[in-house]
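Q:
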Amino acid sequence: MSEIITGPSGLTGRVRGMKVREERILADRKLAKAGGQVDELLGACWEETLDAGPYDFGDKPIDWGRVLQGDRFVALLKIRALTYGPAYAFAVGCQNDGCRARIEWELDLCDLPCRPLSEESRAAFAGGNRFETVLPDADKRVWFRLLTGADERKIPQLRRGAGDKLLSAMLAFRVVEVEGVDARERRQFIEELTMRDADFLVDEFDRVDCGVDTTIEIECPECFATQDIDLPFDRTFFMPGKERTARRRDRSTSFPG
Ligand SMILES: [Zn+2]
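Residue numbering for the sequence shown follows the working numbering, beginning at 51 and increasing consecutively.
Below you can see the structure in the form of C-alpha cells.
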C-alpha cells in the first residue's frame, strides 16, 4: 500500500509502508548508533519524488540529509501509519507529584497539527538556508539555519559533548553568522548573550520553521490533571509488535522440542 504525501515545505512524493525486510534496518545497532536508521527507512519507503518543493536534487534521487526535519518527520509518520495504522498507543507517568499514575494514551498520528513552511521561509531556505533576525539586547543581526537530516544525525553527539553548556552548543550549531563578529569568536559571543536574547533566538528558530507539533495535551484518568507532554517516540513506534514477538519467543523456548 502506498500513498502520495506532501510535506510542510511542499515536497511531494509517494511513500509505502514498511516491508518485513525493513526489520533489518530497525534491528541494526550500528545503524542506530550512527543515526542512520531514519535515513535508511525513508530511503527504503519513499518510492518516488513528484515535486521536490524547495530542494534542488538535480537529476539525482532525493538526498534525505538535505531535507528539512519537518518534511522528514511527516514522511516518517506516514510510513508508520501505512505500516501499522494511524493509531499510536503509549504510556507516560502523570506529572502530578501527588499522583504519578501511569497514563495510557492513544492518538491518531494523522491528527497531529502540521505547520507549513511559509513563503518567506521557503525563499530563505532556497537561498542557502539563511534566516536573519535581530537580537533585542545585543542589538545585532544574526543569521541562522533550519535543521536538515544531516544536522539531525549530529545532534546526539552534540548533546553528549555539550555537558552543561547544551543551550550555547545548540545555538552555536545553528547560528551561521553574527554581524561584526569573527567566526572564531562566535561561540564566545553566544556564551555572553543575555538569556532573553537566547530565548528570543530559540523562538525565532521555531517561528520560521515548519513541521509537526508533537506537544500534546493529555489528561490523567486518576487525578484528572491536564498536562502538556512531548510525544514519546520509543521503540514501539516502529515496532509495536516487539513485545508480542518477545512473548512468543519466551513461550516457544519454554516448551521442549
Ligand atoms: Zn494523575
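All C-beta atoms, glycine included, are put in the ideal place defined by N, C-alpha and C.
(1) Contact between the region 253-263 and the region 106-117 is defined here as three or more beta-carbon pairs at a separation below 8 Å; is this criterion met?
(2) Would you give the residue range spanned by the alpha helix (DSSP H) that residue 232 belongs to?
(3) Tell me the rounded alpha-carbon separation between residue 162 and residue 239.
(4) Below 8 Å CB to CB, which residues in the same chain sit around residue 97 once its five sequence neighbours on both sides are set aside?
(5) Looking only at C-alpha atoms, which of 212, 55, 183, 264 sits nearest to residue 229?
(6) In chain order, what residues of the same chain lie with their CB nearer than 6 Å to the CB of residue 181, ignoring the 5 residues before and after it?
(7) Say yes only if the C-beta of residue 149 is nearer than 7 Å to one or more non-hydrogen atoms of ligand 3, and no if none qualify.
(8) Check the C-beta distance from residue 261 over to residue 136 and give it rounded, since I have them as a contact under 8 Å.
(9) The alpha helix (DSSP H) spanning residue 196 covers which residue range?
(10) Does DSSP put residue 264 in a helix, a strand or coil?
(11) Which of the three DSSP states, helix, strand or coil, is assigned to residue 211?
(12) Helix or strand or just coil, what does DSSP make of residue 242?
(13) Entirely within the region 119-152 and at least 4 residues each: give me those alpha helix (DSSP H) ranges in chain order.
(14) Under 8 Å, do residue 129 and residue 268 count as touching if we go by C-beta distance?
(15) Taking the alpha carbon of residue 147 as the reference point, which residue from 273, 280, 290, 284 has its own alpha carbon closest?
(16) From 80, 75, 222, pick the residue whose C-alpha is nearest to that of residue 95; which is it?
(17) Say yes only if the C-beta of residue 272 is nearer than 7 Å to one or more non-hydrogen atoms of ligand 1, and no if none qualify.
A: So, from the data block:
(1) Contact fails: fewer than three Cβ-Cβ distances are below 8 Å.
(2) Counted from its first residue, the sequence shown places residue 232 at position 182. No residue range can be given for residue 232, since it is assigned to no alpha helix (DSSP H) and is classified by DSSP as neither H nor E.
(3) Position 112 of the sequence shown, counting from 1, holds the residue named residue 162. Position 189 of the sequence shown, counting from 1, holds the residue named residue 239. It is roughly 37 Å from the alpha-carbon of residue 162 to the alpha-carbon of residue 239.
(4) What you label residue 97 is simply residue 47 of the sequence shown in a count that begins at 1. Answer for residue 97: 52, 63, 64, 65, 66, listed in chain order.
(5) The sequence position of residue 229 within the sequence shown is 179, counting from 1. The shortest CA-to-CA distance from residue 229 to any of 212, 55, 183, 264 is the one to 183.
(6) As a position in the sequence shown, residue 181 is number 131, starting the count at 1. The residues are 174, 194, 258.
(7) What this structure holds is ligand 1, not ligand 3.
(8) Translated into positions along the sequence shown, residue 261 becomes position 211. Translated into positions along the sequence shown, residue 136 becomes position 86. Contact flag wrong, Cβ pair sits at about 18 Å.
(9) Counting from one through the sequence shown, the residue named residue 196 turns up at place 146. Per DSSP, residue 196 lies in no alpha helix (DSSP H) and is assigned neither H nor E.
(10) The residue you call residue 264 lines up with position 214 of the sequence shown. Correct three-state label for residue 264: coil.
(11) As a first step, residue 211 must be located in the sequence shown, where it is residue number 161. Residue 211 falls in the helix class under three-state DSSP.
(12) Here the question's residue 242 lines up with position 192 in the sequence shown. It is coil, neither helix nor strand.
(13) Fully enclosed alpha helix (DSSP H) runs of 4 or longer: 119-134.
(14) As a first step, residue 129 is located in the sequence shown; it is residue number 79 there, counting from the start. As a first step, residue 268 is located in the sequence shown; it is residue number 218 there, counting from the start. No, these two residues do not count as a Cβ contact at 8 Å.
(15) Here residue 147 refers to the residue found at position 97 when the sequence shown is read from its first residue. Checked all of 273, 280, 290, 284; the closest Cα to residue 147 is 273.
(16) Along the sequence shown, one-based indexing puts residue 95 at 45. Comparing Cα positions, the closest option is 75.
(17) Start at 1 with the first residue of the sequence shown, and residue 272 comes out as number 222. For residue 272, the CB falls within less than 7 Å of some heavy atom of ligand 1.
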